[in-house]
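These protein sequence lines are chains A and B, in that order.
Numbering-wise (numbering that gives the first Met the number 0), the first sequence opens with residue 0 and increments by one.
Numbering-wise (numbering that gives the first Met the number 0), the second sequence opens with residue 0 and increments by one.
Structure, as structure tokens:
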Amino acid sequence: MANVAAIELEQVGRHYGERAALSGVTLELEAGRTLVVFGPNGAGKSTLLRILATLLRPQAGSVRVLGHALPAERWAVRARVGLLGHDPLLYRELSGRENLVFHARLHGVPAGRVDELLEAVALTRRADEPVRTLSRGMVQRLAVCRAVLHQPDVLLLDEPRANLDPAAIELVEPLIGRAAGRTRVVTSHDPAGGRLEADLVLGLRGGRPALLASPADADPAAIAALYR
Amino acid sequence: MSSDHGHRPTPPGTLATVGALLRKELRVELRTLESVPAMTLFAVTTFVLFHFGLNRSAVDGDLAAGILTVTVLFAAVLGINRLFVADEEQGGFDGFLLAPVDRSALLLAKALALGLYLVAVETMAVAAFALLLLKPPLTQALPELAGVLVLADIGIAVIGTLVAALAVRTRARDLIGPLLALPLLVPVALACARALTPLLSAGGAGGIPGRWLTMLALYDLVFALIAYAVFDFLLED
Chain A
0 MANVAAIELE QVGRHYGERA ALSGVTLELE AGRTLVVFGP NGAGKSTLLR ILATLLRPQA
60 GSVRVLGHAL PAERWAVRAR VGLLGHDPLL YRELSGRENL VFHARLHGVP AGRVDELLEA
120 VALTRRADEP VRTLSRGMVQ RLAVCRAVLH QPDVLLLDEP RANLDPAAIE LVEPLIGRAA
180 GRTRVVTSHD PAGGRLEADL VLGLRGGRPA LLASPADADP AAIAALYR
Chain B
0 MSSDHGHRPT PPGTLATVGA LLRKELRVEL RTLESVPAMT LFAVTTFVLF HFGLNRSAVD
60 GDLAAGILTV TVLFAAVLGI NRLFVADEEQ GGFDGFLLAP VDRSALLLAK ALALGLYLVA
120 VETMAVAAFA LLLLKPPLTQ ALPELAGVLV LADIGIAVIG TLVAALAVRT RARDLIGPLL
180 ALPLLVPVAL ACARALTPLL SAGGAGGIPG RWLTMLALYD LVFALIAYAV FDFLLED
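This is how it looks when you write it as structure tokens:
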């Protein structure tokens, strides 16, 4: 898998009305590597993830995920990416298990995988309670299960450790951490932690790339400056 | 656990996807009771209002057919407005779009769900209508009445699903939904009311005029094809 580009972006841009949410993003990420995206709120991090997840069309430039051009070949990409965004994408009135079984059916995943994941995130005991009754941390753990249910090759993680306590972070690490062996795009507001798990660092400000470097070359001061 | 992510699960076919979506839809409705009880209560209240508003304890013929059709239509609008709200507010759209499945499965599942809600509402609403307003007894005409209403329900469900998918992403969805749906449903209302008139006549149930049934069926078919053709574009960015 090494040296094969899992994600290739060339001058990618996206507008919301008159406002440029993302522009001029060019990078290449090898399979199995991790790109960490820094930037203040509204910098375009979530927009980038949604483009890679096929939920938004790029309006400028070209995007290739796992060798497939987007949006033209989005059908081939959807089964192979997992998105963990700010929204858990779970129905509040359904239980955790019902939500995961529903998503498992949409991906053609056997129901046994749901039990396996619930056990992995220590939610088996609360799995039959409606999602609306669970704490935010538990919902986030369920959302992690949903994102990795179909064993995606590429994980798109929008601040994946938000709402999680240290014990919960340990639980989800084998699923979404570096050990999972997947290509990952992770957004983060934690310069120290983010640099530690990154193979490539992208800094966005106002939708434009302000920093693109290896973690060793990414100056912490330059990352901090993105937020000023 | 992650070591086997080279093996890809096979995406489900359209029918399996419809099954999964419909099961989820009905389960959410059973838990929240957001649509069917509100639609039923609205229909029964409307009959009570007609009862007092017309100052008549019994109606028949075209007046009865008109009251029943319009009431069902307005009750349906409540269901149409709620159809995609849980998906929009709880990320169901994105969850569905991330799956490698046929987009038209969502149209079919939502239309089936709305159709089932309408059948449930009509079962109670027709009984209330017979009790509160209708002059002739319904027993004899019941199978034909059910047949006409099912044909109307198909049209309402397809058009309602299409309109709901369009309206739910707008800021004024509660306004846009009815404004788009009601004009499109005029032919359904017209054909349904005309087809019901002989069934609700005091002189005994007459035969249903075939041309109104044909019109209903044709309108259902045309909108089903239009919905199938454009639904993808409504969902995708």
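C-beta atoms are modelled at their ideal positions from N, C-alpha and C, and glycine is treated no differently.
Should residue i be labelled buried (16 or more other beta-carbon atoms within 10 Å of its own) or exposed?
i              : result
S230 (chain A) : The structure shown does not extend to residue 230 (chain A), since chain A is modelled only from 0 through 227, so no value can be given for it.
V125 (chain B) : buried
P136 (chain B) : exposed
W211 (chain B) : buried
N54 (chain B)  : exposed
G176 (chain A) : buried
H106 (chain A) : buried
A197 (chain A) : buried
R109 (chain A) : Note on identity: in this sequence residue 109 (chain A) is Pro, with Arg being the wrong assignment. Exposed.
I6 (chain A)   : buried
S213 (chain A) : exposed
D86 (chain B)  : buried
D152 (chain A) : buried
H85 (chain A)  : exposed
I155 (chain B) : buried
P237 (chain A) : This structure does not reach residue 237 (chain A), given that chain A is present from 0 up to 227, and the question cannot be answered.
Taking 8 Å as the CB-CB cut-off, is residue i touching chain A?
i              : result
A164 (chain B) : no
K109 (chain B) : no
I37 (chain B)  : Here residue 37 (chain B) turns out to be Ala, not Ile, going by the sequence shown. Closer than 8 Å: no.
R170 (chain B) : no
F59 (chain B)  : Here residue 59 (chain B) is Asp; the residue named in the question, Phe, does not match the sequence. Not closer than 8 Å to any Cβ of chain A, the Cβ of D59 (chain B) fails to qualify, so no.
D231 (chain B) : no
T9 (chain B)   : yes
D236 (chain B) : yes
Return the CA-CA distance between residue i and residue j, expressed in angstroms with no decimal places.
i              : j              : result
D295 (chain A) : L88 (chain A)  : In the structure as shown, chain A starts at 0 and stops at 227, and residue 295 (chain A) therefore has no counterpart that could be examined.
A121 (chain A) : L170 (chain A) : 8 Å
E158 (chain A) : L161 (chain B) : 35 Å
G41 (chain A)  : V35 (chain A)  : 16 Å
G16 (chain A)  : T46 (chain A)  : 14 Å
L82 (chain A)  : R145 (chain A) : 9 Å
V185 (chain B) : L178 (chain B) : 12 Å
L82 (chain B)  : L14 (chain B)  : 20 Å
I222 (chain A) : A30 (chain A)  : 24 Å
V84 (chain B)  : L130 (chain B) : 34 Å
S61 (chain A)  : H67 (chain A)  : 11 Å
G146 (chain B) : L113 (chain B) : 17 Å
S22 (chain A)  : L203 (chain A) : 10 Å
V64 (chain A)  : V147 (chain A) : 17 Å
A64 (chain B)  : P11 (chain B)  : 43 Å
A164 (chain B) : A220 (chain A) : 47 Å
H14 (chain A)  : L156 (chain A) : 22 Å
F222 (chain B) : L211 (chain A) : 51 Å
I207 (chain B) : L150 (chain B) : 13 Å
R79 (chain A)  : A209 (chain A) : 29 Å
Y218 (chain B) : D152 (chain B) : 12 Å
N98 (chain A)  : R194 (chain A) : 33 Å
R7 (chain B)   : V35 (chain B)  : 39 Å
For chain B, check one thing: does any of its Cβ atoms lie closer than 8 Å to the Cβ of residue i?
i              : result
H67 (chain A)  : no
Y90 (chain A)  : yes
D114 (chain A) : no
R96 (chain A)  : no
L55 (chain A)  : yes
L93 (chain A)  : yes
L82 (chain A)  : yes
D86 (chain A)  : yes
A167 (chain A) : no
A19 (chain A)  : no
A161 (chain A) : no
A52 (chain A)  : yes
A78 (chain A)  : yes
Residues within the segment 79-103 of chain B neighbouring chain A, beta-carbon criterion of under 8 Å
A85, Q89, G90, G91, D93, G94, F95, L96, L97, A98, P99 and V100
Any residues in the segment 98-111 of chain A with a beta carbon nearer than 7 Å to a beta carbon of chain B? Which ones, in chain order?
The segment 98-111 of chain A vs chain B, Cβ under 7 Å: F101, H102, R104, L105, H106, G107 and V108.
For the segment 16-32 of chain B, list every residue whose C-beta sits within 7 Å of some C-beta in chain A, in sequence order.
For the segment 16-32 of chain B, which is checked against every Cβ of chain A, the residues closer than 7 Å are T16, A19, K23, R26, V27, R30 and T31.
Any residues in the segment 137-156 of chain A with a beta carbon nearer than 8 Å to a beta carbon of chain B? Which ones, in chain order?
R145, V147, H149, Q150, P151 and D152
Contact the segment 48-64 of chain A vs the segment 94-107 of chain B: 3+ CB pairs below 8 Å:
Three or more Cβ pairs closer than 8 Å define a contact, and the segment 48-64 of chain A meets that threshold against the segment 94-107 of chain B.
Would you be able to state if there are at least three C-beta pairs under 8 Å between the segment 180-197 of chain A and the segment 120-137 of chain A?
no
Residues in the segment 174-199 of chain A having any Cβ partner in chain B nearer than 8 Å:
L174, A178, A179, G180 and R181
If we count Cβ pairs, one from each stretch, closer than 8 Å, do we get three or more for the segment 42-52 of chain B versus the segment 138-152 of chain B?
The segment 42-52 of chain B vs the segment 138-152 of chain B: no contact.
I'd like to know if the segment 123-134 of chain A and the segment 57-72 of chain B are in contact, where contact means that at least 3 CB-CB pairs between them fall below 8 Å.
no
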